[in-house]
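Shown next, in structure tokens, is the structure this report addresses.
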Amino acid sequence: MTNAPVAPVAFTLEENGISFAGTHITIDIWDSDHLDDETIVEKALRRAAKDCGATLLDFFLHKFRPQGITAVAVLGESHISIHAWPEIRYAALDVFTCGSCNPYDAIPALQDAFTPGRIQIVEQKRGICCN
Numbered sequence: 058m059t060n061a062p063v064a065p066v067a068f069t070l071e072e073n074g075i076s077f078a079g080t081h082i083t084i085d086i087w088d089s090d091h092l093d094d095e096t097i098v099e100k101a102l103r104r105a106a107k108d109c110g111a112t113l114l115d116f117f118l119h120k121f122r123p124q125g126i127t128a129v130a131v132l133g134e135s136h137i138s139i140h141a142w143p144e145i146r147y148a149a150l151d152v153f154t155c156g157s158c159n160p161y162d163a164i165p166a167l168q169d170a171f172t173p174g175r176i177q178i179v180e181q182k183r184g185i186c187c188n
């Protein structure tokens, strides 16, 4: 028997009469710094998870050569990920949470770490259910 975390119950949220599983935001950042720094990327994703109230279960980071990083913070409430192209100072991030976590609360940690010149955020409600 292992001490693995217990699987989360099926979270159902409701907003404006719509039931859904969670909120997924994609964040594109341009003219950004530190996208090739493994330590900064890991700290940023860990802080983002904490700030949005999520439970960090695992963390994975891969450094490409000569540059680039992909990383995923696996959360009890879903995930936060980054795919970075430092050579063009661009990164694509995902923050998907369910339950009481607010993915928007992760944004300041990401902005502080990468100081983007431009940011675009798109939201999608995942698992919309019709009643």
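The sequence shown: position 13 = 70 (the working numbering), numbered continuously.
Backbone N, C-alpha and C fix where the C-beta goes; we use that ideal spot for every residue, glycine too.
* State the CB to CB distance for the pair Val129 and Ser135, rounded to an integer number of angstroms; the pair is presumed to be in contact (CB under 8 Å). => One-based indexing of the sequence shown puts residue 129 at position 72. One-based indexing of the sequence shown puts residue 135 at position 78. Their Cβ separation, rounded to whole angstroms, is 11 Å, which puts Val129 and Ser135 out of contact at 8 Å.
* Three-state secondary structure (DSSP) at Ala166? -> Within the sequence shown, the letter at position 109 stands for residue 166. Helix, per DSSP.
* Spatial neighbours of Val179 in its chain, beta-carbon cut-off 6 Å, leaving aside the 5 residues before and after -> The count along the sequence shown starts at 1 and reaches residue 179 at position 122. Closer than 6 Å at the Cβ level, and outside the excluded window around Val179, lie Thr83.
* Helix, strand or coil for Thr96, going by three-state DSSP, please let me know. => Taking the first residue of the sequence shown as position 1, residue 96 is located at position 39. Of the three classes helix, strand and coil, the one that applies to Thr96 here is helix, per DSSP.
* Asked: Which partner residues of Asp85 appear in the DSSP bridge assignment?
  -> Translated into the one-based positions of the sequence shown, residue 85 becomes position 28. According to DSSP, which records beta bridges pairwise, Asp85 is partnered with Ala149 and Gln177.
* Asked: Which residue's Cα is closest to the Cα of Val131: Asp115, Arg146 and Pro123?
  -> Position 74 of the sequence shown, counted from the first residue, corresponds to residue 131. Out of Asp115, Arg146 and Pro123, Asp115 has the C-alpha closest to the C-alpha of Val131.
* Status (buried if at least 16 other CB within 10 Å, exposed otherwise) for Thr154 -> If you number the sequence shown from 1, residue 154 lands on position 97. Looking at its Cβ environment, which holds 16 or more other Cβ atoms inside 10 Å, Thr154 is buried.
* Whole-angstrom C-beta distance between Tyr147 and Ile97, which should lie under 8 Å -> For the purposes of this step, residue 97 is identified with residue 40 of the sequence shown, where counting begins at 1. For the purposes of this step, residue 147 is identified with residue 90 of the sequence shown, where counting begins at 1. Contact flag wrong, Cβ pair sits at about 16 Å.
* To do: Report, in whole angstroms, the separation of the C-beta atoms of Ala101 and Ala149, which I expect to be a contact under 8 Å.
  => Locating residue 101 in the sequence shown gives position 44, counting from the first residue. Locating residue 149 in the sequence shown gives position 92, counting from the first residue. Not quite, the Cβ-Cβ distance comes to about 14 Å (not below 8 Å), so this is no contact.
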